[in-house]
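Read through the structure below, which is laid out as structure tokens, and then see the notes.
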Ligand code: ADP
Ligand code: ASP
Ligand code: MG
């Protein structure tokens with residue numbers, strides 16, 4: 025068995041779904057379980073229309089809903105058996121009626137709870153997975169749809185729920201594994217439910233994570249992430265184009281890149297795969313002939329010190345200073361308790377005797393957090409910052425990396441530096457305006473020459 029996950033742009037239209045069907049059909053003897061994202065930008069559109077409803081603009085929300093329904097109808101009806109036309113009508117009718125009830129409820133209370141956010145955003149994958157299953161029949165495959173909410177069980181942390189692995193694996197073993205022996209199973213990514221059956225989601229970009237959970241649960245031989253780039257590249261193509269394809273990379277390196285902003289993988293994706301030692305492949309659904317990136321436990325040695333550069337925009341630095349820290353203990357605990365209370369993850373931390381600087385990328389509770397911290401310390405906040413992170417297994421053993429990085433930055437002001445905690449990354453914070461120049465400089469420094477064993 026293999027798991028094949030197709031992201032939003034890979035299923036954005038009838039033509040895209042046809043490409044997916046060809047790719048899957050060519051691998052049907054490997055018993056694929058297919059995980060799909062919502063079609064195109066559907067998740068964003070669902071969240072936007074619910075936002076309109078919460079602002080009291082119910083008719084605008086309903087207009088947008090109509091357009092979303094028309095989009096799904098148009099793309100799906102082009103790749104459907106005549107006998108499934110009625111099934112499609114039924115599918116759209118039930119789901120969009122349910123959505124319109126949600127919109128009405130949101131408009132009535134003029135707010136949008138995390139539970140409601142999940143219910144609304146789950147519609148995208150609920151629809152796409154059933155549409156893709158119908159389309160697979162049209163392209164001559166025995167497809168069986170499984171509602172991921174029946175098998176992926178999570179805690180109740182709406183919008184970023186954590187899977188309950190034991191239960192989830194049990195259900196995957198009992199339902200998906202046997203079904204995949206004779207059918208191409210199709211499931212929605214991203215969506216899940218609590219033990220009590222309330223819909224949850226795994227967080228934005230979470231379909232990659234679904235794929236690896238399913239892969240680990242059914243004991244797949246491979247987890248394939250099909251997307252819109254040739255694989256993992258040496259830098260984020262939206263920041264600096266011209267990155268090179270990485271042929272093989274370790275689980276640890278890929279995880280580090282994902283934590284630090286490489287959107288090509290959801291940050292949790294490799295964890296279930298590491299557990300069961302299942303290779304993860306990143307592949308291009310528009311160029312299936314390209315061999316992509318293979319993420320494995322022990323890749324071959326790489327002569328380059330750095331394998332890739334990740335970056336994250338919209339970062340906020342919180343700088344906390346207090347003379348009371350001098351020689352005192354328990355201060356860091358008090359600081360982190362504040363972030364904990366407001367459920368705000370901290371990404372990077374640097375400390376000196378009387379100062380702690382840290383970064384967050386979710387600034388929703390920034391005012392409350394700085395308010396609380398000001399009771400015990402002086403607080404300064406800097407917004408519009410970016411984290412840049414050079415990742416590579418050899419960073420730990422290669423002298424002079426720091427020197428090369430700062431030289432390549434050519435005088436860009438570095439606000440925070442962190443190295444050594446994971447041993448395979450060197451990360452620093454700069455002003456967002458300097459980001460392109462920084463990544464470009466580092467990319468030239470570290471990738472002008474490339475080990476042909478590792479880079480395409
Ligand atoms: P999908 O919808 O298939 O899940 P995403 O948009 O979530 O696709 O992820 C793919 C995108 O990730 C690419 O189009 C690219 O812009 C971005 N990306 C960021 N960093 C990297 C990187 N190092 N290598 C490849 N892609 C990257
Ligand atoms: N559709 C969800 C999102 O846009 C999940 C995913 O695509 O991975 O975040
Ligand atoms: Mg994604």
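In this note's numbering, the protein residues as written are 25 to 480. Cβ atoms here follow ideal geometry from the backbone N, Cα and C, with glycine treated the same way. These numbers were taken from a predicted model, which means no experiment stands behind them.
- request: Would you mind stating whether residue 167 and residue 207 have Cβ atoms separated by less than 9 Å?
  value: Translated into the one-based positions of the chain shown, residue 167 becomes position 143. Translated into the one-based positions of the chain shown, residue 207 becomes position 183. Yes. Within cutoff.
message: Any heavy atom of ligand 2 closer than 8 Å to the beta-carbon of residue 422?
response: For this step, residue 422 is matched to residue 398 along the chain shown. No - ligand 2 has no heavy atom lying nearer than 8 Å to the Cβ of residue 422.
task: Could you say which of 388, 320, 368 and 178 lies nearest to residue 247 if we only look at CA atoms?
output: As a working note, residue 247 is residue 223 in the chain shown. Of the listed residues, the one whose Cα sits closest to residue 247 is 320.
- prompt: Are residue 405 and residue 394 touching if we call contact CB-CB under 9 Å?
  reply: The residue labelled residue 405 in the question sits at position 381 within the chain shown. The residue labelled residue 394 in the question sits at position 370 within the chain shown. Contact flag set, yes.
task: Examine ligand 2 and report whether any of its heavy atoms sits within less than 8 Å of the Cβ of residue 67.
output: Against the chain shown, residue 67 aligns to sequence position 43. Yes, the Cβ of residue 67 comes within 8 Å of a heavy atom of ligand 2.
message: Considering only the alpha carbon of each residue, which of 216, 185 and 136 lies closest to residue 172?
response: Taking the first residue of the chain shown as 1, we reach residue 172 at position 148. Of the candidates 216, 185 and 136, the one whose C-alpha sits nearest the C-alpha of residue 172 is 216.
query: Which runs of the alpha helix (DSSP H) fall wholly inside the stretch 257-291 and span at least 4 residues, in chain order?
result: Runs found: 275-283.
- request: For residue 396, collect the residues of the same chain with a Cβ closer than 6 Å to its Cβ; drop the 5 residues on either side in sequence, then sort them by chain order.
  value: Here residue 396 is taken as the residue at index 372 of the chain shown, counted from 1. For residue 396, same chain residues with a beta-carbon under 6 Å away, outside a window of 5 residues either side, are 362 in chain order.
task: Verify the contact flag: residue 331, CB atom, against every heavy atom of ligand 3, threshold strictly below 8 Å.
output: Translated into the one-based positions of the chain shown, residue 331 becomes position 307. For ligand 3, not one heavy atom lies less than 8 Å from the Cβ of residue 331.
query: On the three-state DSSP scale, how would you describe residue 345?
result: Indexing the chain shown from 1 puts residue 345 at position 321. In the structure shown, residue 345 sits in a strand (DSSP, three-state: E or B).
- request: Could you spell out where the alpha helix (DSSP H) holding residue 365 opens and where it closes?
  value: Along the chain shown, read from residue 1 onward, the residue named residue 365 stands at position 341. Where residue 365 is concerned, the enclosing alpha helix (DSSP H) stretches over 355-365.
- prompt: Quick one, are the C-beta atoms of residue 269 and residue 257 less than 9 Å apart?
  reply: Locating residue 269 in the chain shown gives position 245, counting from the first residue. Locating residue 257 in the chain shown gives position 233, counting from the first residue. Contact: yes.
- prompt: Just reading off the alpha helix (DSSP H) that residue 469 is part of, what are its end residues?
  reply: Position 445 of the chain shown, counted from the first residue, corresponds to residue 469. 459-471 is the span of the alpha helix (DSSP H), which, as asked, contains residue 469.
query: Mind checking residue 29: buried by the 16 CB within 10 Å criterion, or exposed?
result: The residue given as residue 29 occupies position 5 in the chain shown. By the neighbour-count rule (16 or more Cβ atoms within 10 Å), residue 29 is buried.
task: Taking residue 179 as the reference, give the member of 218, 136 and 357 with the closest Cα.
output: The residue given as residue 179 occupies position 155 in the chain shown. The option with the nearest alpha carbon to residue 179 is 218.
- prompt: So, residue 148 versus residue 37, is the Cβ gap smaller than 9 Å?
  reply: By one-based count along the chain shown, residue 148 stands at place 124. By one-based count along the chain shown, residue 37 stands at place 13. No; because the gap between Cβ atoms is not below 9 Å, this pair is not in contact.
query: Under a three-way DSSP split, which group does residue 431 fall into?
result: Within the chain shown, the letter at position 407 stands for residue 431. Note: residue 431 maps to helix in three-state DSSP.
As assigned by DSSP and simplified to three states, the class of residue 309: To locate residue 309, count along the chain shown from 1; it is residue 285. Correct three-state label for residue 309: coil.
- prompt: Based on the DSSP output, what are the partners of residue 406 in its beta bridges?
  reply: Counting from one through the chain shown, the residue named residue 406 turns up at place 382. Beta-bridge pairing links residue 406 to 341.
message: Quick check: the Cα distance between residue 249 and residue 58, rounded to an integer number of angstroms?
response: Taking the chain shown and counting its residues from 1, the one referred to as residue 249 is at position 225. Taking the chain shown and counting its residues from 1, the one referred to as residue 58 is at position 34. C-alpha separation (whole angstroms): 10 Å.
query: What are the start and end residues of the beta strand (DSSP E) that includes residue 248?
result: The count along the chain shown starts at 1 and reaches residue 248 at position 224. Looking at the DSSP string, the run of the beta strand (DSSP E) that includes residue 248 is 246-251.
message: Which of the three DSSP states is assigned to residue 447 in this structure?
response: Sequence index remark: in the chain shown, residue 447 carries index 423 (1-based). Three-state result, residue 447: coil.
- prompt: Should residue 287 be counted as a contact of ligand 1 given a C-beta to heavy atom distance under 8 Å?
  reply: Position 263 of the chain shown, counting from 1, holds the residue named residue 287. Correct: residue 287 has its Cβ closer than 8 Å to ligand 1.
task: Determine the contact status of residue 103 and residue 41, defining contact as a CB-CB distance below 9 Å.
output: The residue labelled residue 103 in the question sits at position 79 within the chain shown. The residue labelled residue 41 in the question sits at position 17 within the chain shown. Cβ distance < 9 Å, so residue 103 and residue 41 count as in contact.
- prompt: Is the stretch 306-319 close to the stretch 284-298, with three or more CB pairs under 8 Å?
  reply: yes
message: Using only the alpha-carbon positions, how far apart do residue 445 and residue 453 sit?
response: Sequence index remark: in the chain shown, residue 445 carries index 421 (1-based). Sequence index remark: in the chain shown, residue 453 carries index 429 (1-based). Taking the straight line joining both Cα atoms gives about 16 Å.
task: Compute the minimum distance between the beta carbon of residue 256 and the heavy atoms of ligand 1, and state whether it is under 8 Å.
output: Against the chain shown, residue 256 aligns to sequence position 232. Yes, since a heavy atom of ligand 1 falls inside the 8 Å radius drawn around the Cβ of residue 256.
field: Which listed residue (427, 391, 374 and 378) has its alpha carbon closest to that of residue 439
entry: In the chain shown, counting from the first residue as 1, residue 439 sits at position 415. Nearest C-alpha to residue 439: 374.
task: Please name the residue or residues paired with residue 26 in a DSSP beta bridge.
output: Residue numbering aside, residue 26 sits at position 2 when the chain shown is read from its first letter. Answer is 56 and 246.
message: Does residue 236 pass the burial test, meaning 16 or more other C-beta atoms within 10 Å, or should it be called exposed?
response: The residue you call residue 236 lines up with position 212 of the chain shown. So residue 236 counts as buried.
query: Per DSSP, residue 415 forms a beta bridge with which residues?
result: Translated into positions along the chain shown, residue 415 becomes position 391. Note: residue 415 sits in a beta bridge opposite 332 and 449.
field: Contact test: residue 334 Cβ vs ligand 1 heavy atom, cutoff 8 Å
entry: Reading the chain shown from its first residue, position 310 is the one you call residue 334. Because some heavy atom of ligand 1 lies under 8 Å away, the Cβ of residue 334 counts as near it: yes.
- request: Kindly give me the distance between the Cβ atoms of residue 308 and residue 474, rounded to whole angstroms, as I take these residues to be in contact under 8 Å.
  value: Stepping through the chain shown from its first residue, residue 308 is reached at position 284. Stepping through the chain shown from its first residue, residue 474 is reached at position 450. Contact annotation, residue 308 with residue 474: C-beta distance approximately 20 Å; criterion of less than 8 Å not satisfied.
C-beta atoms of residue 260 and residue 326 nearer than 9 Å: Position 236 of the chain shown, counted from the first residue, corresponds to residue 260. Position 302 of the chain shown, counted from the first residue, corresponds to residue 326. Cβ atoms of residue 260 and residue 326: not closer than 9 Å.
query: Does ligand 1 have even one heavy atom less than 8 Å from the beta-carbon of residue 251?
result: On the chain shown, residue 251 is found 227 positions in, with the first residue counted as 1. Yes, since a heavy atom of ligand 1 falls inside the 8 Å radius drawn around the Cβ of residue 251.
task: Following the continuous alpha helix (DSSP H) through residue 67, name the residue where it begins and the one where it ends.
output: Taking the chain shown and counting its residues from 1, one reaches residue 67 at position 43. Taken as a continuous stretch (DSSP letters only), the alpha helix (DSSP H) holding residue 67 covers 66-78.
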